[in-house]
Structure formats: C-alpha cells, structure tokens
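In the order they appear, the protein sequences are chains A and U.
Position 127 of the first sequence, counted from 1, bears residue number 126 in numbering that gives the first Met the number 0, the numbering being contiguous throughout.
Position 464 of the second sequence, counted from 1, bears residue number 463 in numbering that gives the first Met the number 0, the numbering being contiguous throughout.
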Amino acid sequence: MLDLNTYKVETKPDWCPGCGDFGVLNGVTKALAMLEIQPKNVLVVSGIGCSSNLPGFIKAYGFHSIHGRAVAVASGAKLANPELNVVVTGGDGDGYGIGMGHFVHAMRRNLDITYVVMNNQIYGLTTGQASPTSEKGHVTKSTPTGVIETPVNPIALALVTGATYVARGFSGDPNHMAEIIANGIKHKGFALVDVFSPCVTFNKKNTYEWFRERVYKLEEADHNTMNFEAAMRKAHEWGPKIPIGLFYKTERPTYEDEEPALKMGPLHKQPFPKAEDLKPILQTFF
Amino acid sequence: MKDGEVTLRFGGAAGDGIASMGETFAKVCSRSGLHVSEYNSYQSAIRGGHVWLQIRAGEKKMLSQGEYADILVPLNAQTMELHAPEVASGGVVIYNSEKLKIRDGLLKQGVRGLPVPATSTASKYGKNPIMQNVVALGGVIRLLNMNLDKLSGVLQDTFGNKAKAIVDANIGAATAGYDYVDKNFGSLNAKLNFTETSRPVMSGNQATGFGALAAGLKFYAAYPMTPASSILHWLVAYAPKFGTVVKQAEDELAVINMAIGAAHVGARSMVGTSGGGFALMTEAVGQASMSETPVVIVESQRAGPSTGLPTKTEQGDLWQAIGASQGDYPKVIIAPSNVRDCYYAAGEALNIAEKYQIPVIILVDLYLSEHIETIEADDINLSVPIERGVLAGPSNGNSYARYAVTETGVSPRAFPGEAGHEYVATTDEHDEKGIIVSDVLAGIPEHIETRRRQMEKRMSKMNYILKDIPPPRIWGPEDADITLVGWGSTMQVIKEAVLNLGEKGVKANQLHIKYLMPFHAKEVEETLKKSKRVLDVEANYTGQLAKLIRAETGFNIEHRLLKYDGEPFAPRQIVEKALEVTQHA
C-alpha cells in the first residue's frame, strides 16, 4: 500500500463540514493507495455539482468537465488511452439526471471505468431542489408538496443495462467503501459504486442516522454476487433494511478489448500514417 | 449543347439506384479525361419519392453541376413529366419505352425522345430492375461516343469483389444498351475530346475524412445526421487500421465530450454533425476552449430551421457557429470552398486546434459535403504537415502550470501518464495551475486578477491565429464593375458566374471568405471600399456573411442575392442578378 500522502494536494475541500463527500474522497484515495496506482496513471473525471469538485482535491490527472458529461469525457479518454485508470466521480443529479444517457450507454459498452456516484438524493450546489433519487413525497425547494415521481434505482438500472460490477457504499463506513471502490478499479469492466453520501445541509431526511439505522452489508448476508436475479432482488430492497456492498459481478470483454483500432495499443502511441500507406486509399477514388 | 461539355440528368425514386448511376458515370468520365461536377437532389425518404441527379462533364474544370440537361434518363413517369420539358434544345430523352411514354408537347422544340426497350433488354441479364439503369448507361456511353471499355472497367471495379456472374451481367447489360443505341440512334453531336488522363472523383465529406486521416486523426466520433454521416462511413471503412478510433455515440453530447476526453489524453480528435447536432454540442465547445483542449468540429449545414429540409443545402448556421456556447472564448471557423479545400482544411483545423488548444469549426454544407467532383491527382498531397503545438515534455521536477500565462496565450500541454505534470483541466475559471477560483476564491482581489489574466491569456490566442491564416484575396480583374462576395461552398459557382459575366463584357471579380473567425476585418474593408459595386451571394435568408462583414468592418453590402430554397445556385442565377445590379446602378 502506498502512503496516502502520495495523493495529497494543497487545495482543501470546500464542502460543508460533515458532508458525505469527505468520506468518498478518503475512500477513493485509500483505494488508489491500496492498489498502489501512481498519480500519473490516474485520470479522475467529474461533471458539475458539489461532489464534482473532487478531482481538485486529489493528486492525479483530472478533468473537471461540464454538468452531466463526465462519463462521456471519461469514455473518450479511456478509448484513447486504455492504460490509464479512469475514475469518474460525481453526484446523483450529474449522473442520474442530466447525464443519464451517457451512464446507461457506458454500462452497455462495458468500458473499463469506475464510476463513483455520491448520491445524496438532493441538488446541493443549487441549494436544495429534488434530484432523480429523491424519494417519493420528499419535500424540497422545488417540490413543496412532495416529489411525485418514482426515484431512479441506480443499482437495478446498472444491472439491466450491463454493468459488470455493481456495488453500493456508505460514507459512514469509509473502510468498507474504500474496499469496494478498490475492487471496482481492479475489476476489468464498467464498475458502478453508488455511495450514500449524505448532504448535511439540504437533505434533512436521508441523514447519516437514517442510513445507519437501515444499512447492512451484503458480504455478511449470504448473498451470491454472481447471481443476477438475487442481485436484482437486493437492488429493490428499500425500507427498514437497505443493503450496501457488492450486488453483482460478472466478466465480459470490455469495449476497448474489442475495438479494432486499439489492437496496436493506445492511440497516442501509434504513429501517424505514412504517405505510401495512404496511396492505396487515394487509388479508390479513380 | 455547349462545346467541350455535356450535362446529364438521371431521375427516379429513392431506391432506384440513382446515386450509384451517378457515381459510375462520373468515374467513366474521369477515366476518359473529363472533369465532372455532380449534384444529387434527393429526399428524406428511403424508398419512393423523387430523386434526381445531375452530372456535368467537360474538358475544363467544371465549376458547378450546371443547370439544364442535354441528356435526360428518366426512370419513372414523374421524372419524365417534371424534367423532360427542361431538357436543353439539341438534347435527348433516353427512356424505357416499355415503361414510359412521352406525351405530345412535353418536349421543347429540338429535343428528341430516344425509346429503348430496357425492360426486355435488361431481363436477359437479371431480375433486378436496377439492371435497366446499366442498359441506360451503356446507351449514354454510345450517345457520347465514349469508350464502352471504360464503363466495363468501372463496373468491374465496383462489383469485382462480388461473384463473377454479377460483374458479367452488368457488363452484358451495358453492352446491350450500347449496341441498341448504336443500331438505332448513333451518337449525339457532342464535341468532347477524350484523353487518358484520369483524376480522382471525390465528395467533400470523403475529402474531409481523408484529409483528417492523413493529418494524424486518432479519434473521430459522430451521431448519424445528414449530411455529415458520410464522413463517419468513410472513416470507419479506412481509419481503424491506422490506429484511429471511429465511434458512433449515443448522442451529440456524448460525441463531442468523448472527443474532448480523447484529446485531453493526447489523441488528435474530430467530430462531425449538422446544425441540429451542433446545437446540442455547443456547451462543450465552450468547455474545449475553457479547458484548452483541442477539438475539430465539422458542421455540415442543411436547410433549417429545426429539422428543416434534411437533404437540402443552406448556409444558415454561420451565426450559430459564431455564437455557440456561453461567454467570450477563442475559437476558429473555417469554411472550405471546394472538395480539394476540404482535404486540406481538415489537417489545417487539426493543426490550429492543437497549436492553440482551442475548438476549430469546419463549416461546410450539404452541397459541398455530398456532391462529387474531379480534382487533380496531384491536388492530394499525402504528406500533410502535422503540428502538435507546444508540449511540456518530460518533467524537470518543478511544479507544472497547465494554464501558465504566456504572450501568445498558449501554455505547454501535458498528457495523463506523464510523471510530474499531474493537473486538473477545469471548466470553472482557474488559476495557472488549474485550481478553480470559482468557488471559495471567487471575488477575492487576488483572484479577480487571476480571472482577468486567464481571460486575456485565452483571448490573446485570436490575435496570433489571425496572423497565421491568410487574408482573402480578390480573384479576377482589380478594376471590376462588380465584386461578388461569398463564403464556403459557393466559391466555384460564383467563379463560374464571374467568368460568364466576363464573356458578356461585364468586368466582375470575386472576394471569397474562407476564415470567418477570427476575421480579417482590415483587409476585407479595404477591398470592399475599393469595389465599384458589391453583391453578396449567400444560401440563407438574412445574409449572414454580410451581417458579419458589417459587424466587423462597418461596411454595408447593399446588393444581395439570397437563396433559401434548399437547392444549390446555378451560375445563371448569379449572372442575372449581377447584370441587374450593374445595369441599374
């Protein structure tokens, strides 16, 4: 394991004291240290939102992109250089709202990317509107009479869309979270790690206490992580008991494994075409 | 029929094989030493409807597809009814007499109908009705005194990878058509000299794809959209074996963001779309500029607004390109003017994008993207220059400032994977090291200054780019009575109008603008002020270039020829307007 200071930067996180995202920052950092990945070989990509500031708080390469597009930016980066460890970090609004399209397609592509979603069931940076994972009935600034829609179920969605590693963490248990993030990075294929990361300022409903009363670890519950149907059943458990940990893991070739242009290695390492190699193409126009 | 050239028109329904007829004939002409310019007027329908394609072939460079056909090949009754009356005097309508009739009074005086029993002739070579097209092509070859072997050669190359029986059937049908016309009609009186010089026949989109590939394109993403899709089709057929990823993504948002991600890690990246897709991309265009990530966007305009006319041409997106994305930021807009230009514009755009770490938009349109024309074989230099701009290189141990303020505004670029350069590219305002100053540092005096300096750093790139790109030059006599102003795909047709005006004794010249942003305001203003009369020629409703010229120079172009019906200009339309302006002034 590398020293955690390997990933330390001067910039201090600007999250509210007690924000769940501190736990995720520690979890991601610890996971990288456990896997002994050098900062130069990591690309952390985010979108916009409180949690999307994370790349600025970790020594590694990063791309703090625009709202909802982190997964697309990360997909392009991974396709261009599959040697990089690409980790996407962002919030539920960023990933399950405005960026939902990219999330779904990245999973069916099975790019070797780890996506850590800091799910606080609220829009924090815009001061407390409903998010795609806000529970039905949740009263927020934008839903004064309560949310009418059914929340997105990211775990179930990831399962049906083809993610090959589907897990959930909780900021209240950073060691467990670090473990599942590390396993997600190690996993060859798309890994979703949805994290309950409470917003202490704007979500007074889904608090640390609320989760502490409900969460239990799948690792301690005789759950078969290779059984898709069992994973789907666990994905729908939401009430007095809510599971965290690894729901499902399977092996499937990654997109980059099957992309013909990458057979010869990362794009930037491949030479530019020579004139004599282009000549046969010119001939096709005669 | 004009000496030294001939114009053909094929018409039918979608699915009748009109486009391949056009391409086959274009290649036959090219292999016979003729230049061609083709235009395919098609619809947004997969089967049925009405499609017609015009090819003008001649001994000199053909600057447009012309207007009236000398030879019409109608494949259905609608084409006969719509197009036969337009055939030029001295021309012919060659048609399947077992399927079509020419009603009395349909043809102009001096136009002949040439009936060919194409159904029964073609049926000897296969059941596919497309075989009738091949019979017709054989007939056309005979009418023009061309060499049947050239047609057989093109058919051989087209179907060569299929069964020999298919090649033989096609050549048999072509020969039968040739023989029928030979026996019954002989040749037209076309004055065409054939040579053995053969030239490449290419569309604008093929040239763009080829040019980008030759210039080291490593990542291309697109979502299908007419008229940009053929760049995707061409690249995916040729580029992967050169180590270029070609990716169809879920939407245009993904397309450009993927390209930005790929560029961030060091791949030369490009995307292609039309106006609607570009509208979706615009937020990320600003992202590329703010994060200083090079990316090239090919925007092939089609007739808008909204879904508009998906298969028709227009130059209506200039201001969309200028105004794309929020805020002030550096970007370049290049409008190539013909197929050859598309080939080089792709490489030039990739070079400018990487040299200045900005988004570069190549603005073409349906006409330029999709029409095919001959170019000279030596027009295509396969060793195009590749410039990657300033790179940080191996770390010297000092801390790295990705957004270091420099005189040119360009800071050395580093790529993930390099030790010692770890940084975060950000779309928030940031300091030299990429640390965001938008949150807890915003509004603090030191960072008010940071903001100002970063803004000026980015924008200063535009001054240097302007020096890198050549200003527009007048083509034609200096002391002309009228100057025709245009941009992009209309260059050749305006040039033809200038030449035609000269033949009519009207001295005209042309100012064609290729670089729309940054803009050579000084040079354009000086040129226009010297002109006696100025006519703006554009394929849009509001005169978008004229508006840009006025914004940049204060010069108001009084006369305008604006076309927004979706069809490309014919030289005659420009000539008539220029005559009106010169005679009434």
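Glycine included, C-beta positions come from ideal geometry on N, C-alpha and C.
These numbers come from a predicted model, not from an experiment.
CB contact below 7 Å: residue i versus chain U
{"i": "A:Met99", "result": "no"}
{"i": "A:His267", "result": "yes"}
{"i": "A:Pro12", "result": "no"}
{"i": "A:Val72", "result": "yes"}
{"i": "A:Leu124", "result": "no"}
{"i": "A:Met263", "result": "yes"}
{"i": "A:Gly161", "result": "no"}
{"i": "A:Pro16", "result": "no"}
{"i": "A:Ser51", "result": "no"}
{"i": "A:Leu277", "result": "yes"}
{"i": "A:Leu281", "result": "yes"}
{"i": "A:Leu1", "result": "no"}
{"i": "A:His222", "result": "no"}
{"i": "A:Asn4", "result": "no"}
{"i": "A:His104", "result": "yes"}
{"i": "A:Lys39", "result": "yes"}
{"i": "A:Asn205", "result": "no"}
{"i": "A:Val27", "result": "no"}
Test: residue i CB closer than 7 Å to a CB of chain A
{"i": "U:Glu249", "result": "yes"}
{"i": "U:Ala319", "result": "In the sequence on display, residue 319 of chain U carries Gln and not Ala. No - not a single Cβ of chain A is within 7 Å of the one on U:Gln319."}
{"i": "U:Lys107", "result": "no"}
{"i": "U:Ala261", "result": "yes"}
{"i": "U:Leu381", "result": "yes"}
{"i": "U:Ser19", "result": "no"}
{"i": "U:Ala584", "result": "The predicted position of U:Ala584 is uncertain, since its pLDDT is 46 and thus under 50; a value taken from the coordinates is nonetheless stated next. Output row for U:Ala584: interface = no."}
{"i": "U:Ile361", "result": "no"}
{"i": "U:Pro335", "result": "no"}
{"i": "U:Asn256", "result": "yes"}
{"i": "U:Ile538", "result": "In the sequence on display, residue 538 of chain U carries Ala and not Ile. No, its Cβ sits nowhere closer than 7 Å to a Cβ of chain A."}
{"i": "U:Lys576", "result": "no"}
{"i": "U:Tyr563", "result": "no"}
{"i": "U:Asn215", "result": "It should be noted that the sequence gives Gly, not Asn, for residue 215 of chain U. For U:Gly215, the answer is yes, since a Cβ of chain A falls inside 7 Å of its Cβ."}
{"i": "U:Tyr237", "result": "yes"}
{"i": "U:Val439", "result": "yes"}
Where residue i meets chain A, residues with beta-carbon distance less than 7 Å
{"i": "U:Ser612", "result": "A question about residue 612 of chain U goes unanswered here, because the residues of chain U that appear run from 0 up to 584."}
{"i": "U:Ile170", "result": "Within chain A, no residue comes near U:Ile170; the closest Cβ sits about 19 Å away, beyond 7 Å."}
{"i": "U:Thr243", "result": "Ala260"}
{"i": "U:Gly48", "result": "Those within 7 Å of U:Gly48 in chain A number zero; the least Cβ separation is about 29 Å."}
Within-7 Å CB hit, residue i to chain C
{"i": "A:His137", "result": "The structure shown contains no chain C; its protein chains are A and U."}
Bridge-paired residues (DSSP) for residue i
{"i": "U:Pro114", "result": "U:Tyr94"}
{"i": "A:Asn84", "result": "A:Val41"}
{"i": "A:Gly244", "result": "A:Arg167"}
{"i": "A:Tyr215", "result": "A:Pro242"}
8 Å Cβ cut-off: residues of chain A touching residue i
{"i": "U:Tyr422", "result": "Tyr60, Gly61"}
Proximal residues of chain U, C-beta to C-beta of residue i below 7 Å
{"i": "A:Lys7", "result": "The premise fails here: A:Lys7 is roughly 12 Å from chain U at the closest Cβ pair, so nothing lies under 7 Å."}
{"i": "A:Ala76", "result": "Gly260, Ala261, His263, Val264"}
{"i": "A:Ile65", "result": "Glu282, Ala283, Gln286, Thr426"}
{"i": "A:Arg68", "result": "Leu252, Asn256, Ala283"}
Chain A contact residues for residue i, given Cβ-Cβ distances below 9 Å
{"i": "U:Phe209", "result": "Leu277, Ile280, Leu281, Phe284"}
{"i": "U:Ile434", "result": "Val8, Glu9, Thr10, Gly55"}
Proximal residues of chain U, C-beta to C-beta of residue i below 9 Å
{"i": "A:Ala32", "result": "Chain U residues near A:Ala32: none, gap ~15 Å exceeds 9 Å."}
{"i": "A:His235", "result": "Here the premise fails: no neighbours, minimum Cβ distance about 26 Å."}
Contact list for residue i against chain U, beta-carbon separation under 8 Å
{"i": "A:Asn109", "result": "What A:Asn109 touches in chain U: nothing, since even the nearest Cβ is about 14 Å away."}
{"i": "A:Ala229", "result": "The premise fails here: A:Ala229 is roughly 30 Å from chain U at the closest Cβ pair, so nothing lies under 8 Å."}
request  = Could you tell me whether the segment 285-295 of chain U touches the segment 304-320 of chain U, where touching means 3 or more Cβ pairs closer than 8 Å?
outcome  = no
task = Taking 8 Å as the threshold, find out whether the segment 321-330 of chain U comes into contact with the segment 184-200 of chain U through three or more Cβ pairs.
result = no
inquiry  = Taking 8 Å as the cut-off, does the segment 201-212 of chain A touch the segment 168-177 of chain A (at least 3 CB pairs, one atom from each stretch)?
reply    = yes
ask   = Which runs of the alpha helix (DSSP H) fall wholly inside the segment 527-566 of chain U and span at least 4 residues, in chain order?
value = 543-552
ask   = Can we say the segment 38-54 of chain U touches the segment 392-401 of chain U, given the rule of at least three CB pairs closer than 8 Å?
value = no
inquiry  = Across the segment 95-113 of chain U and the segment 156-163 of chain U, are there enough close Cβ pairs to call them in contact, namely three or more that are closer than 8 Å?
reply    = no
query = Is it true that the segment 273-281 of chain A meets the segment 375-391 of chain U, where meeting means three or more beta-carbon pairs spaced less than 8 Å apart?
reply = yes
inquiry  = Report the start-end ranges of each alpha helix (DSSP H) in the segment 114-138 of chain U that is 4 residues or longer and not cut off at the edges.
reply    = 117-122
inquiry  = If we require 3 or more residues per run, which beta strand (DSSP E) segments fall completely within the segment 101-156 of chain A?
reply    = 112-118
request  = Counting only runs of 4+ residues fully inside the segment 6-79 of chain A, write out the alpha helix (DSSP H) ranges in chain order.
outcome  = 19-34, 69-79
ask   = For the segment 151-160 of chain A against the segment 55-73 of chain A, are there 3 or more C-beta pairs whose distance is under 8 Å?
value = no
ask   = Three or more C-beta pairs closer than 8 Å, one from the segment 62-76 of chain A and one from the segment 412-428 of chain U: is that the case here?
value = yes
ask   = Is it true that the segment 232-246 of chain U meets the segment 89-108 of chain A, where meeting means three or more beta-carbon pairs spaced less than 8 Å apart?
value = no
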